[in-house]
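Residue numbers (numbering that gives the first Met the number 0): 0 to 333. Structure, as C-alpha cells:
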Amino acid sequence: MKRLLLSAVLATMPLTAFAAEPTTREPYGIGLEGFAYPYPVSMLPLVNDGEALRMAYMDVPSAKPNGRTVLLLHGRNFPSSYWAPVIGVLTEAGYRVVVPDQIGFGKSSKPGGDLHFDTLARNTIALMDQLGIAKFDVVAHSLGGMLSVRIARAYPERIDHLLLAAPIGLEDYRQYVPPTPTEKILENEDKLTAEGYRKQLEVNYSLKLQPDQVTPLIDARFNIKGSSEYPRWLRAFVNSAQLIYREPVVHEIPLIALPTLFVMGADDHNAPGKPNAPEALRPKMGQNADLAKALAAKMPNAKAEIVANAGHLVFLDDAPKFNGLMLTFLSSKP
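Written as C-alpha cells, this is what we have:
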C-alpha cells in the first residue's frame, strides 16, 4: 500500500522537481557548439589539401547600407564573436560586415594537417566570392593581421583600406625563439588551466577589460576540454602557433601599397613564443608600437596611431578611441 501511495505522489510531481543543478556545464563541441555568437552563423563548404571542411561566418547587413563591406579577421586566441561591439559600430555607420572564423578556429572545421596563410587567404577570398563581394575593407586583429598581410599582397585589387589592429607578426620571431617541437607545445597547452589562461591573458595582452568581459573568452577555450574531440581541437590550436613561427610576414609589410592604418595599444608587448626565447633576448621582443611606427615609415601609404592605456585588445580596451580612428580611416579616399 505504501508503495502504491508513493507511486501516486511521484506521478503528480512535476518533472522539474527531479532536475538537479549540474555540477559542471556540458562541454562545448570543438566547433564551439553550445557557445552563442551575436549574429546568425552560416557555413561555406571548402576543400583544403583534399580534406572536406566548413568555414563558419557571420554576414551582418546594415539597416542603412552605404554600399560598402568590411571584412573582420580575428586573432588566434579568440572566437570571432569578440568582434560584436565593432560589428555594431560598423553596421550603424552603414557597412555590411563579414566576420569569418578561419579554418582551425571558432565554429569552423578543425583540419588534421598544418595551417598555412596562403590557404587561409584563398579560403577568405572564396568566401567573399561566394557572397558576391568584389571590393571590401579589412579590419584585422592579432593573427588576423598576419593573414591580412598575405591577402593584401596576393589580392591587392580586392581591398580599399587595411586597418591592422594590434597585429602580431611585426617582427620575425625566428630571430629570437628556437624551434619548438609540436609535442612540447601540445604538452604545455594541455597543462594550462582556466585560471592560468586568465593570468596569461592579463600579462601577455596587458588586458584592461573587466573580469566579466574576459570570462567568455576563457569559456570559449576551456569548456572545450570536456569534448570527446578535444585532442583534435588542441592539435589544430597548436598548429596555429607553429604557423605564426613558420610563416613570418614582416618582410612583406613594407611592400603593401594600399592605404594602411596601424592602431596599436601603447601597452601591447605581446610576442608569441617569448617564454621560449633566451632570457637575454626577451626584452627585445614585443616592442609592438615602435615596430608599427617603423614599418609604417617604410610604406608608401601608411600611418601608425598609438592608443594610450590600451593593450593587445585595443578595440575593446579603448573602444571610443578605436572606433573614431576606424571610421575616419574607412571614410577616407582610397
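Where is the CB? At the ideal position from N, CA and C, for every residue including glycine. Given the structure is predicted, the values throughout are model-derived calculations rather than measurements.
Three-state secondary structure assigned by DSSP to R67
Position 68 of the sequence shown, counting from 1, holds the residue named residue 67. Here R67 sits in coil by DSSP.
Which ranges would you report for the alpha helix (DSSP H) in the stretch 133 to 201 if only whole runs of at least 4 residues count?
The stretch 133 to 201 contains these whole alpha helix (DSSP H) runs: 142 to 153 and 181 to 190.
Could you tell me the distance, in whole angstroms, from the CA atom of A295 to the CA atom of T214?
As a working mapping, residue 295 is identified with position 296 in the sequence shown. As a working mapping, residue 214 is identified with position 215 in the sequence shown. Going from the Cα of A295 to the Cα of T214 covers about 34 Å.
Have a look at F314, G93 and A164 and flag the residue whose alpha-carbon is nearest the alpha-carbon of K63.
Here residue 63 is taken as the residue at index 64 of the sequence shown, counted from 1. Among F314, G93 and A164, the Cα nearest to that of K63 is on G93.
Looking at the strands, I want to know which residues DSSP matches up with T259.
By 1-based counting over the sequence shown, the position of residue 259 is 260. Paired residue(s): L161 and A301.
If we call anything under 8 Å between Cβ atoms a contact, is K134 one with R152?
Looking up residue 134 in the sequence shown gives position 135. Looking up residue 152 in the sequence shown gives position 153. With contacts defined by Cβ atoms closer than 8 Å, K134 and R152 do not form a contacting pair.
Establish whether the CB of L119 and some CB of chain B are separated by less than 8 Å.
You won't find chain B in this structure, because it holds only one protein chain.
Name the DSSP bridge partner or partners of L52?
As a first step, residue 52 must be located in the sequence shown, where it is residue number 53. For L52, DSSP records a beta bridge to L45.
Extent of the continuous beta strand (DSSP E) run through R95
Here residue 95 corresponds to residue number 96 of the sequence shown, with the count starting at 1. That run of the beta strand (DSSP E) goes R95 to P99.
Using CA coordinates, which residue listed in L130, L43 and G33 is at the minimum distance from T68?
As a position in the sequence shown, residue 68 is number 69, starting the count at 1. Put simply, of L130, L43 and G33 the residue whose alpha carbon is nearest the alpha carbon of T68 is L130.
Following the continuous alpha helix (DSSP H) through K320, name the residue where it begins and the one where it ends.
Here residue 320 refers to the residue found at position 321 of the sequence shown. Residues A318 to L329.
Can you tell me where the alpha helix (DSSP H) holding G87 begins and where it ends?
Taking the sequence shown and counting its residues from 1, one reaches residue 87 at position 88. Taken as a continuous stretch (DSSP letters only), the alpha helix (DSSP H) holding G87 covers A83 to E91.
Nearest by alpha-carbon distance to P110: which of R234, N203, Y196 and D189 is it?
Sequence index remark: in the sequence shown, residue 110 carries index 111 (1-based). Of R234, N203, Y196 and D189, the residue nearest in Cα terms is R234.
Beta-bridge partners of V306, as assigned by DSSP
Numbered from 1 along the sequence shown, position 307 holds the residue referred to as residue 306. Per the DSSP secondary-structure output, V306 pairs in a beta bridge with G264.
I believe G168 touches G144 by the beta-carbon criterion, under 8 Å. Please report the beta-carbon distance rounded to the nearest angstrom.
Start at 1 with the first residue of the sequence shown, and residue 168 comes out as number 169. Start at 1 with the first residue of the sequence shown, and residue 144 comes out as number 145. G168 to G144, Cβ: 6 Å. Contact.
Whole angstroms is fine: what's the gap from A16's alpha carbon to S80's?
As a first step, residue 16 must be located in the sequence shown, where it is residue number 17. As a first step, residue 80 must be located in the sequence shown, where it is residue number 81. With a pLDDT of only 33 at A16, under 50, the local geometry of the prediction cannot be trusted, and no value is derived from it.
May I ask you to verify whether the stretch 192 to 200 touches the stretch 278 to 295, counting CB pairs closer than 8 Å and requiring at least 3?
No, because fewer than three Cβ pairs between the stretch 192 to 200 and the stretch 278 to 295 fall closer than 8 Å, the two stretches do not touch.
DSSP three-state label for V237, please.
Stepping through the sequence shown from its first residue, residue 237 is reached at position 238. In the structure shown, V237 sits in a helix (DSSP, three-state: H, G or I).
Alpha carbon to alpha carbon, what distance is there between L45 and H115?
Here residue 115 refers to the residue found at position 116 when the sequence shown is read from its first residue. Here residue 45 refers to the residue found at position 46 when the sequence shown is read from its first residue. Distance between H115 and L45, taken at the CA atoms: about 15 Å.
Take the Cβ of P166 as the centre, count every other Cβ of all protein chains shown within 10 Å, and call the residue buried at 16 or more, exposed below.
Stepping through the sequence shown from its first residue, residue 166 is reached at position 167. P166 is buried by the Cβ-count criterion.
8 Å Cβ cutoff met for P177 and N275
Here residue 177 refers to the residue found at position 178 of the sequence shown. Here residue 275 refers to the residue found at position 276 of the sequence shown. Cβ distance < 8 Å, so P177 and N275 count as in contact.
Can you say whether V85 is buried or exposed, counting buried as having 16 or more other CB atoms within 10 angstroms of its CB?
Along the sequence shown, read from residue 1 onward, the residue named residue 85 stands at position 86. Result: buried.
For N65, which residues from the same chain have a beta carbon less than 6 Å from its beta carbon, with the 5 sequence-adjacent residues on both sides left out?
Stepping through the sequence shown from its first residue, residue 65 is reached at position 66. Contacts found: G93.
Just the C-alpha distance for K320 and A307, rounded to the nearest angstrom, thanks.
Position 321 of the sequence shown, counted from the start, is the residue given in the question as residue 320. Position 308 of the sequence shown, counted from the start, is the residue given in the question as residue 307. K320 and A307: Cα-Cα distance of roughly 10 Å.
Please state whether the Cβ-Cβ distance between L119 and Q101 is less than 8 Å.
If you number the sequence shown from 1, residue 119 lands on position 120. If you number the sequence shown from 1, residue 101 lands on position 102. In contact: L119 and Q101 (Cβ atoms closer than 8 Å).
Close-in-space but distant-in-sequence residues of the same chain around D189 (CB under 8 Å, 5 per side omitted)
The count along the sequence shown starts at 1 and reaches residue 189 at position 190. Residues of the same chain with a CB within less than 8 Å of the CB of D189, apart from the 5 flanking positions on each side, are L233 in chain order.
One question on the structure: do Y36 and M57 come within less than 8 Å of each other, judged by their Cβ atoms?
The residue given as residue 36 occupies position 37 in the sequence shown. The residue given as residue 57 occupies position 58 in the sequence shown. Cβ atoms of Y36 and M57: closer than 8 Å.
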